[in-house]
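S.K.: Protein chains in written order, with this note's numbering: chain A, 199 to 554; chain B, 199 to 554. Submitted below is the structure of interest, expressed as C-alpha cells.
And the structure:
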C-alpha cells in the first residue's frame with residue numbers, strides 16, 4: 199500500500215447529502231467540500247461521486263476539470279468506503295473491505311449501509327482495475343495508516359472492538375493487515391481521539407508525515423480526558439520501532455480547545471429514525487491530524503482556534519515540498535463527524551496505460 | 199467524428215431494465231446483451247452503465263474485464279443517448295446533444311426522459327474528457343452515420359420531423375451537422391425502415407462499411423411497403439457522390455421476412471401509463487444493417503430467417519479484417535425497438551494518457 203505522501207493519480211470524494219449528518223440539507227458541507235476539492239484539484243485529478251439526485255448540484259458547483267460520476271451512497275466518507283489501493287509497482291488493485299457503518303448493529307452510526315458497502319467495487323470498475331474481495335473482513339480506510347515501508351499504524355479501540363471482527367484475535371487481524379497491505383509490522387495505539395464516534399480511527403489522532411516520523415494529536419491540559427489518551431499513544435510510539443527497525447520521531451500537534459456543537463448547529467440537522475444525531479453542547483472530535491496530503495499541498499482543518507496557525511507552522515517543515523494550507527470552513531465538515539482526511543481517499547499514481 | 203470501423207478504445211452499453219420495453223422484466227434482453235458484450239469485450243473495453251438497482255445483476259452476469267458503472271437511465275439505447283465523440287487527432291471531446299426520447303411530446307416513445315438526457319455528459323466525466331454542450335439541438339447517435347472522410351448519412355424522415363428541431367430548416371441542420379462533426383457533405387435518404395418507431399433512423403437501413411461503400415437494407419418483394427422505401431434510398435445513393443467526390447458503391451443486404459411480435463411476447467411486456475407498448479401481430483423493424491463493428495468483429499442480428507446466413511455472407515468480404523458473427527438472440531433486442539447497433543456506442547481509440 200503506497201503511503202499518502204507518495205505521488206497520486208488523484209483523489210476521490212463523495213458529494214455530501216445526508217441531512218442527519220450534514221447541516222442545512224448538506225449545503226453547508228458542500229461549500230467546504232468544494233473549497234477543498236478546488237485546492238486538491240490544483241495538483242491531482244479529483245473524482246467526485248454524486249447520487250443521481252445530487253449530480254446536478256455537484257456538476258454545477260465543481261470546476262470542469264473535476265470528474266463527477268454518478269454513484270449511490272449512504273453517506274460521504276470516501277476514506278472509509280473507497281477501496282484501499284495496493285500496487286506491486288506494475289499494476290494496481292483495489293481491496294474491497296467489508297463496511298458496516300463503524301460498528302454494524304453493535305454500535306454503527308446508521309442503518310442501512312448497503313450502498314456504502316458497494317462503493318469500493320464500483321470505484322475499481324470506474325478505474326478499470328481488479329479487485330480483491332475482502333468483504334468478510336470489516337475495515338475502514340481511516341482506521342489504518344501506512345508509511346509505505348512495511349509499517350501499519352492503527353488503534354486497538356477500533357480494530358479490536360466488538361462492532362467489526364469480534365471473531366478474530368489481535369494476532370489474526372495483524373496477519374490479515376500485513377498480508378493484504380504488503381506490510382511487515384503493525385504498531386497498535388490504544389485509543390483514538392476522545393469522543394470520536396468511529397471508535398478511535400487512527401487518522402484523527404496520529405499520521406505518518408514521512409517514514410519513521412509521525413504527528414500525534416496533543417494537549418497539555420491534564421484535566422482533558424484526551425490528555426491520558428495522547429500520553430499513552432506517545433509512550434507506545436516512543437517504545438516502538440518500525441518495520442525497518444527505526445525509532446519513530448513523534449511531533450506533537452496541539453489540539454484546538456474543545457469544540458462543542460451549538461444549539462443552532464443542531465437545528466440544521468435532521469433527526470435519524472426520530473432521534474437527534476447530535477445534541478447541543480456535545481464535544482466534537484476536532485483534530486489537526488485529519489489533514490489530506492495531495493501532490494503539492496497538505497490541507498489542514500482550521501477551527502478558528504489559537505492553535506490553527508501553530509498546527510500549520512508545525513506541519514510546514516515536515517512537508518518541505520508541499521504547501522501547507524488551512525481550510526477555514528472545516529467546522530462544517532467536523533459537524534458530520536470527521537474531517538478532511540475522512541472525506542478523501544487518494545488514488546495512487548500508476549502508469550496511465552494500466553489505468554484504462 | 200471517427201467512423202465506427204476505425205480502431206476503438208471500447209464500447210458503451212446500458213444494462214436494460216425497462217419493463218415496458220423489454221420482456222420479462224428485461225431478463226430476456228439481458229441474456230442477449232450479455233452475449234453481445236462477451237463478443238465485443240474480446241477485442242475492446244466494454245463499459246456497461248447500470249442503474250443502482252440493476253448494478254448487482256450486471257456485475258454478476260458480466261465478465262470481470264467489463265467495467266460496470268452506476269448510472270441512472272430511462273431506457274437502454276446507448277447509441278442514442280451517449281455522447282458523439284469527435285477528435286482532432288490529439289484530443290477527444292464528447293458532443294452532448296439534446297435527447298427527447300425520439301420525438302418529445304410530439305411523438306416520443308416515453309416520458310420523462312431526463313435521466314437519459316444526462317447520460318452523455320456523465321459519460322464524458324467518466325472518460326474524463328471535455329464536452330460540447332449541444333443540448334439545444336435534438337439528435338440521436340442512431341440517426342447519423344459517418345465515413346470518417348467528411349460524409350454524413352442521415353434520413354429526412356428523422357432529422358426533419360416535427361418531434362426534434364422543427365424550428366430549423368434542412369439547410370440549417372446540415373450546417374449544424376457539418377460543423378459539429380467536422381464533415382463536408384450530408385447525404386439525405388428520405389425514409390428509414392418501415393414501421394421503425396425512431397422515425398427512420400439511418401442505422402437500421404443503411405451503413406458505411408468503408409469509405410464510399412454502404413450496405414442498404416433490401417427486399418425484392420414489391421408488395422412490401424419497404425420495397426418503395428429501399429428503392430428510393432438506392433436511387434438517392436446511386437445519384438450521390440461523397441465528400442471526396444466518389445461514387446458510392448451500394449451492397450444490397452436482404453431483409454428477413456417480416457417479423458411480427460407474438461401474443462406470448464406481448465404478455466411479457468408491462469404496459470406504459472396503462473397502454474400496451476406493443477400489440478400482438480405488430481411488425482417489428484428487423485434489419486441486418488443494425489450491426490456493430492468492434493475492433494475485430496462485426497456482430498450481426500440474426501432472426502431465425504433464411505436470410506440470416508446470406509446477410510453474413512454478404513458482410514464477410516466487406517470486412518476482410520474482422521470476424522462476422524451472428525447474434526442468435528437478437529430477437530430479444532428487437533422487441534425493445536432496435537437492435538445491436540442501437541444498444542452500443544463506440545468510444546474512439548485515443549492515447550491513453552489523454553483518457554484519464
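Note that CB positions come from ideal geometry on N, CA and C, so glycine has one too. Note that this is a predicted model, so its numbers are computed, not measured.
Run through chain A and tell me which residues come within less than 7 Å of residue 268 of chain B, C-beta to C-beta.
M.R.: 268, 269, 270 and 320
S.K.: For a minimum of 3 consecutive residues, which ranges assigned as the beta strand (DSSP E) are wholly contained in the stretch 463-541 of chain B?
M.R.: For the stretch 463-541 of chain B, whole beta strand (DSSP E) runs of length 3 or above, ordered along the chain, are 495-499 and 521-525.
S.K.: Nearest-angstrom Cα distance between residue 360 of chain B and residue 315 of chain A?
M.R.: 47 Å
S.K.: Are any of the Cβ atoms in chain B nearer than 8 Å to that of residue 222 of chain A?
M.R.: no
S.K.: List the DSSP bridge partners of residue 449 of chain A.
M.R.: A/413
S.K.: Can you list the residues of chain B that residue 250 of chain A reaches, using a CB-CB cut of under 7 Å?
M.R.: 270
S.K.: On a Cα-Cα basis, can you pick out the residue from B/445, B/411, B/412 and B/401 that is closest to residue 340 of chain B?
M.R.: B/401
S.K.: Could you tell me the distance, in whole angstroms, from the CA atom of residue 385 of chain A to the CA atom of residue 535 of chain A?
M.R.: In this structure, the straight-line span from the alpha carbon of residue 385 of chain A to that of residue 535 of chain A is close to 25 Å.
S.K.: Provide the residue span of the beta strand (DSSP E) that contains residue 294 of chain A, from first to last.
M.R.: 290-296
S.K.: Consult DSSP for residue 259 of chain B and reduce its assignment to one of helix, strand or coil.
M.R.: helix
S.K.: Determine whether the beta carbon atoms of residue 406 of chain A and residue 321 of chain A lie at a separation below 8 Å.
M.R.: no
S.K.: Would DSSP call residue 546 of chain A helix, strand or coil?
M.R.: strand
S.K.: With a threshold of 8 Å between beta-carbons, can residue 201 of chain A be considered close to chain B, or not?
M.R.: no
S.K.: Does the separation of the CB atoms of residue 146 of chain A and residue 380 of chain A fall below 8 Å?
M.R.: Shown here, chain A extends from 199 to 554; a query on residue 146 of chain A therefore has no answer.
S.K.: With a Cβ-Cβ cutoff of 8 Å, do residue 268 of chain B and residue 255 of chain A count as a contact?
M.R.: No, the pair does not count as a contact, with Cβ atoms beyond the cut-off.
S.K.: Quick check: the stretch 479-499 of chain B against the stretch 509-529 of chain B, are at least 3 beta-carbon pairs closer than 8 Å?
M.R.: yes
S.K.: Start and end of the beta strand (DSSP E) containing residue 268 of chain B?
M.R.: First-last of the beta strand (DSSP E) with residue 268 of chain B: 265-268.
S.K.: Using a beta-carbon distance cut-off of less than 9 Å, what residues from the stretch 323-343 of chain A approach chain B?
M.R.: 323, 324, 325, 326, 328 and 329
S.K.: Under a CB-based cut-off of 8 Å, is residue 265 of chain B close to chain A?
M.R.: Flagged as an interface residue toward chain A: residue 265 of chain B, by a C-beta distance shorter than 8 Å.
S.K.: Just the Cα atoms here: how many angstroms apart are residue 367 of chain A and residue 358 of chain A?
M.R.: Annotation: residue 367 of chain A to residue 358 of chain A spans about 8 Å, alpha carbon to alpha carbon.
S.K.: If I measure Cβ to Cβ from residue 208 of chain B and keep anything under 7 Å in the same chain, skipping five residues before and after, which residues do I get?
M.R.: 242, 243, 244, 245 and 545
S.K.: Here's the rule: buried if 16 or more other CB atoms are within 10 angstroms of the residue's CB, otherwise exposed. What is residue 377 of chain B?
M.R.: It counts as exposed.
S.K.: Of the choices A/412, A/452, A/485 and A/517, whose alpha-carbon is the least far from that of residue 434 of chain A?
M.R.: A/412
S.K.: Residues in its own chain within less than 6 Å of residue 491 of chain B by CB, not counting five upstream and five downstream?
M.R.: Excluding positions up to five away in sequence, the list reads 202 and 203.
S.K.: Below 8 Å CB to CB, which residues in the same chain sit around residue 206 of chain B once its five sequence neighbours on both sides are set aside?
M.R.: 242, 492, 493, 544, 545, 546 and 547
S.K.: Which residues bound the alpha helix (DSSP H) around residue 320 of chain A?
M.R.: 317-325
S.K.: May I ask you to list the residues that DSSP assigns as paired with residue 408 of chain A?
M.R.: A/411
S.K.: Alpha carbon to alpha carbon, how far is residue 295 of chain A from residue 533 of chain B? Give it in angstroms, no decimals.
M.R.: 41 Å
S.K.: Look up residue 206 of chain B in the DSSP assignment and give the residues it is bridged to.
M.R.: Listed as beta-bridge partners of residue 206 of chain B by DSSP are B/546.
S.K.: For the alpha helix (DSSP H) holding residue 350 of chain A, just list the boundary residues, first then last.
M.R.: Counting along the chain, residue 350 of chain A falls outside any alpha helix (DSSP H), though it belongs to the beta strand (DSSP E) covering 349-353.
S.K.: Indicate the three-state DSSP secondary structure (helix, strand or coil) for residue 314 of chain A in the structure shown.
M.R.: helix
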